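Visitor: Quick one: this structure, given as structure tokens, is what I'll be asking you about.
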Amino acid sequence: MSQLRWNISGLFGALLFGMFPNTGFAGEVNAAVAANFTAPMQQIVAAFQKDSGHTVKLSFGSSGKFYTQIKQGAPFDVILAADEAISQRLEREGLAVAGTSFVYASGKLVLWSAKPGLVDAKGAVLGQGNFNKLAYADPKLAPYGLAAKETLDAMGLWRRVESRLVTGESITQTYQFASSGNADLAFVALSQITKDGKVTEGSWWLVPSNLYSPLRQSAVQLSASKDPVAARALLTYLKSKKSAEIIRSFGYELP
Amino acid sequence: MFQLAPDDLQSVWLTLKLAGVTTILLLLIATPLAWWLANSRKWYKGPVAAVVALPLVIPPTVLGFYLLLLMGPQGAVGELTTSLNLGRLPFTFAGLVIGSVLFSMPFAVQPIQNAFESIGRRPLEVAATLRAGAWDRFFSVALPLARPGFITASILAFAHTVGEFGVVLMLGGNIPGETRVLSVAIYSHVEAMEYASAHLLAGGMVLFSFLVLLALYLTGGKGARV
Numbered sequence: 001m002s003q004l005r006w007n008i009s010g011l012f013g014a015l016l017f018g019m020f021p022n023t024g025f026a027g028e029v030n031a032a033v034a035a036n037f038t039a040p041m042q043q044i045v046a047a048f049q050k051d052s053g054h055t056v057k058l059s060f061g062s063s064g065k066f067y068t069q070i071k072q073g074a075p076f077d078v079i080l081a082a083d084e085a086i087s088q089r090l091e092r093e094g095l096a097v098a099g100t101s102f103v104y105a106s107g108k109l110v111l112w113s114a115k116p117g118l119v120d121a122k123g124a125v126l127g128q129g130n131f132n133k134l135a136y137a138d139p140k141l142a143p144y145g146l147a148a149k150e151t152l153d154a155m156g157l158w159r160r161v162e163s164r165l166v167t168g169e170s171i172t173q174t175y176q177f178a179s180s181g182n183a184d185l186a187f188v189a190l191s192q193i194t195k196d197g198k199v200t201e202g203s204w205w206l207v208p209s210n211l212y213s214p215l216r217q218s219a220v221q222l223s224a225s226k227d228p229v230a231a232r233a234l235l236t237y238l239k240s241k242k243s244a245e246i247i248r249s250f251g252y253e254l255p
Numbered sequence: 256m257f258q259l260a261p262d263d264l265q266s267v268w269l270t271l272k273l274a275g276v277t278t279i280l281l282l283l284i285a286t287p288l289a290w291w292l293a294n295s296r297k298w299y300k301g302p303v304a305a306v307v308a309l310p311l312v313i314p315p316t317v318l319g320f321y322l323l324l325l326m327g328p329q330g331a332v333g334e335l336t337t338s339l340n341l342g343r344l345p346f347t348f349a350g351l352v353i354g355s356v357l358f359s360m361p362f363a364v365q366p367i368q369n370a371f372e373s374i375g376r377r378p379l380e381v382a383a384t385l386r387a388g389a390w391d392r393f394f395s396v397a398l399p400l401a402r403p404g405f406i407t408a409s410i411l412a413f414a415h416t417v418g419e420f421g422v423v424l425m426l427g428g429n430i431p432g433e434t435r436v437l438s439v440a441i442y443s444h445v446e447a448m449e450y451a452s453a454h455l456l457a458g459g460m461v462l463f464s465f466l467v468l469l470a471l472y473l474t475g476g477k478g479a480r481v
């Protein structure tokens, strides 16, 4: 009986919501989210929707693509980009609300192999050369790719591994190259191999953060937002303690 | 101003090589397959035809993803190539050729099959009464009559391979001179917001393809249908 009552009230609520979508008590946010932040964002949004009553629609993809789409009028309220440059650029161009950008997470670069025992604790495998291919993301397209290149340069190994490099168009594709075993090694995001705060598969080396420029990921509220109240609420929630816990559990650092 | 960077030039050359090799291989594979599909009365003709048409349905990146798994160290094809000491196919030109052949198969088989079917049995029966053997009938009667089908198949296979993106993106690893074909190079330029290079390459690709297709239609394409 109570189940039935819940269903009816839920239905009624849905009907009301359908008739008055923007009346303030429950808004809707369209969020463009960098692909590397997919898993933590899903958890954060699930909690946010429960706590706030707002609805969030998530689109995952490359921040560069989102930037182009936003410039062409894509209906997003907020963007969680993979770097700082994109949010700043949007702010400069008036496409984002000035002063709303902030760093929501800092990524960490790892050298990872699906094979247990291949990657040692110091990343010496890179210099030894007992691997077939080394996958990394295109440094022109993905911040993690640039970080990988910086790391190889800093270690003085770029020349030596250059002939074995394969390039993914994103870190997602780079991860697929390695997880399918086609590339023995890959530079990926720690968040990609972390679940509940632990790395469970393969072997890995956490690249020391002094070898590459920080991977600070920045979010911003977009000017074209149809529901600025809900958009702001989501960004505020992203800074909350609850969100911080989720973000850390996926292998990110907080600023 | 209209100068291609050496990297881009290499992509252009690589694309033509891939499309050329793929088209030749496809004609060699598709001809007997189309002949069999046009003439067979076996019960499994339907399933075979359906399998040949499948690449039309599967999104290219998805096809590329499964080929990546299949050709990888845990995949059946990967195990086979490794045991034959051929190494592994992903990230190589040979791997791209195989991916492209599978991907463009329906575009080569179907026009040829249609051409064979439209000849009908009559010319071949007449040739048989003139004591032409099976091979002779095929090469002297069926092949010349099916010429429009072959031209259409070549055009489609070549053009489809030039424009191919998803499969090579997943399977290639974007290696200059080995797997970085034109479509991937253009995509990278667009993603990196290097629009001038992207426009130049894309414009050149469209113009070149238009000229090749036009030449084919004007010279030998009488009766060819796309």
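From first to last, the protein sequence lines are chains P and U.
Numbered per this note's numbering, the first sequence finishes at 255, counting up by one with no gaps.
Numbered per this note's numbering, the second sequence finishes at 481, counting up by one with no gaps.
All residues carry an ideal CB built from backbone N, CA and C; glycine is no exception.
Only a predicted model underlies this, so the values are computations on that prediction, with no experimental measurement involved.
1. Nearest chain P C-beta to U:Q258 closer than 8 Å, yes or no?
2. Taking C-beta to C-beta, are P:Q259 and P:A81 nearer than 8 Å?
3. Flag P:L256 as yes if its beta-carbon sits less than 8 Å from any beta-carbon of chain U, otherwise no.
4. Compare the beta carbon distance of P:A26 and P:G64 with 8 Å and say whether it is the shorter of the two.
5. Between the segment 283-303 of chain U and the segment 367-378 of chain U, do three or more beta carbon pairs fall short of 8 Å?
6. With a floor of 3 residues, list each beta strand (DSSP E) that falls wholly inside the segment 174-216 of chain P, ordered by position along the chain.
7. Tell me the rounded alpha-carbon separation between U:L335 and P:V188.
8. Please list, in chain order, all residues of the same chain as P:G24 whose beta carbon is under 6 Å from its beta carbon, the five residues on each side excluded.
9. If we call anything under 8 Å between Cβ atoms a contact, is U:P361 one with U:V417?
10. Quick check on P:N182 - is its C-beta less than 8 Å from some C-beta in chain U?
11. Is U:W268 close to chain P? Criterion is C-beta to C-beta, closer than 8 Å.
12. How many Å lie between P:T151 and P:L190 at the Cα?
13. Please tell me whether P:Q306 and U:L323 are closer than 8 Å, where the distance is taken between their beta carbons.
14. Is U:I353 close to chain P, meaning its C-beta is less than 8 Å from at least one C-beta of that chain?
15. If you draw a straight line from the alpha carbon of P:G61 to that of P:W205, how long is it in whole angstroms?
16. For the segment 339-351 of chain U, which residues have a CB atom closer than 8 Å to at least one CB atom of chain P, in sequence order?
17. Which runs of the beta strand (DSSP E) spanning at least 3 residues fall entirely within the segment 70-140 of chain P, listed in chain order?
18. Since U:Q329 meets chain P, which of its residues come closer than 9 Å, beta carbon to beta carbon?
19. By the 10 Å Cβ neighbour count, where 16 or more other Cβ atoms means buried, how is U:M448 classified, buried or exposed?
20. Compare the C-beta of U:L271 with all C-beta atoms of chain P and state if any pair is closer than 8 Å.
21. Across the segment 69-80 of chain P and the segment 226-239 of chain P, are there enough close Cβ pairs to call them in contact, namely three or more that are closer than 8 Å?
22. May I ask you to report which of helix, strand or coil DSSP gives P:S59?
23. In this structure, does DSSP put U:L469 in helix, strand or coil?
24. Going by beta carbon distance, what residues of the same chain come within less than 6 Å of U:A408, once the five residues before and after it are set aside?
25. So what does DSSP say about U:N429, is it helix, strand or coil?
26. Is the beta carbon of P:A96 sitting closer than 8 Å to the one on P:K133?
27. When you compare the CB of P:D120 with every CB in chain U, is at least one pair closer than 8 Å?
28. Rounded to whole angstroms, what's the CA-CA distance from P:I44 to P:F250? Just pull it up for me.
29. What's the call for P:A34, buried or exposed, on a 16-neighbour Cβ count within 10 Å?
30. Spatial neighbours of P:Q49 within its chain, please: CB distance less than 7 Å, with the 5 preceding and 5 following residues excluded, ordered by chain position.
31. Would DSSP call P:Q221 helix, strand or coil?
Guide: The answer reads as follows:
1. By one-based count along the second sequence, residue 258 of chain U stands at place 3. Chain P, which has no Cβ nearer than 8 Å to the Cβ of U:Q258, makes this no.
2. In the structure displayed, chain P extends from 1 to 255; residue 259 of chain P sits before or after that span and is not available.
3. Because chain P is modelled from 1 through 255, residue 256 of chain P falls outside the range shown and cannot be assessed.
4. If you number the first sequence from 1, residue 26 of chain P lands on position 26. If you number the first sequence from 1, residue 64 of chain P lands on position 64. Result no, Cβ atoms of P:A26 and P:G64 do not sit closer than 8 Å.
5. yes
6. 185-189 and 203-206
7. Stepping through the second sequence from its first residue, residue 335 of chain U is reached at position 80. Stepping through the first sequence from its first residue, residue 188 of chain P is reached at position 188. For U:L335 and P:V188, the distance between alpha carbons rounds to 29 Å.
8. Here residue 24 of chain P corresponds to residue number 24 of the first sequence, with the count starting at 1. Legend: pLDDT at P:G24 = 49, less than 50; position of this residue unreliable, no value from coordinates given.
9. Here residue 361 of chain U refers to the residue found at position 106 when the second sequence is read from its first residue. Here residue 417 of chain U refers to the residue found at position 162 when the second sequence is read from its first residue. Against a cut-off of 8 Å, the Cβ pair of U:V417 and U:P361 comes out as no contact.
10. If you number the first sequence from 1, residue 182 of chain P lands on position 182. P:N182 counts as touching chain U.
11. Numbered from 1 along the second sequence, position 13 holds the residue referred to as residue 268 of chain U. Cβ-Cβ to chain P under 8 Å: no for U:W268.
12. Taking the first sequence and counting its residues from 1, the one referred to as residue 151 of chain P is at position 151. Taking the first sequence and counting its residues from 1, the one referred to as residue 190 of chain P is at position 190. C-alpha separation (whole angstroms): 15 Å.
13. Since the first and last residues shown for chain P are 1 and 255, residue 306 of chain P lies out of range.
14. Numbered from its first residue, the second sequence carries residue 353 of chain U at position 98. Closer than 8 Å: no.
15. In the first sequence, residue 61 of chain P corresponds to position 61, counting from 1. In the first sequence, residue 205 of chain P corresponds to position 205, counting from 1. Going by the C-alpha atoms only, they are around 26 Å apart.
16. R343, P345 and F346
17. 78-80, 102-107, 109-113 and 134-137
18. Taking the second sequence and counting its residues from 1, one reaches residue 329 of chain U at position 74. Under the 9 Å cutoff, chain P gives S180 and G181.
19. If you number the second sequence from 1, residue 448 of chain U lands on position 193. With fewer than 16 Cβ atoms within 10 Å of its Cβ, U:M448 is classed as exposed.
20. One-based indexing of the second sequence puts residue 271 of chain U at position 16. No, no contact with chain P.
21. yes
22. For the purposes of this step, residue 59 of chain P is taken as the residue at position 59 of the first sequence. Strand at P:S59.
23. Mapped onto the second sequence, residue 469 of chain U falls at position 214. Correct three-state label for U:L469: helix.
24. On the second sequence, residue 408 of chain U is found 153 positions in, with the first residue counted as 1. Closer than 6 Å at the Cβ level, and outside the excluded window around U:A408, lie A363, P366 and I367.
25. The residue given as residue 429 of chain U occupies position 174 in the second sequence. Looking at U:N429 - three-state DSSP - the assignment turns out to be coil, as it is neither helix nor strand.
26. In the first sequence, residue 96 of chain P corresponds to position 96, counting from 1. In the first sequence, residue 133 of chain P corresponds to position 133, counting from 1. Against a cut-off of 8 Å, the Cβ pair of P:K133 and P:A96 comes out as no contact.
27. On the first sequence, residue 120 of chain P is found 120 positions in, with the first residue counted as 1. No, no contact with chain U.
28. Counting from one through the first sequence, the residue named residue 44 of chain P turns up at place 44. Counting from one through the first sequence, the residue named residue 250 of chain P turns up at place 250. Approximately 12 Å between the Cα atoms of the pair.
29. In the first sequence, counting from the first residue as 1, residue 34 of chain P sits at position 34. By the 10 Å Cβ count, P:A34 comes out buried.
30. Counted from its first residue, the first sequence places residue 49 of chain P at position 49. Contacts found: T55 and V56.
31. Here residue 221 of chain P is taken as the residue at index 221 of the first sequence, counted from 1. Correct three-state label for P:Q221: strand.
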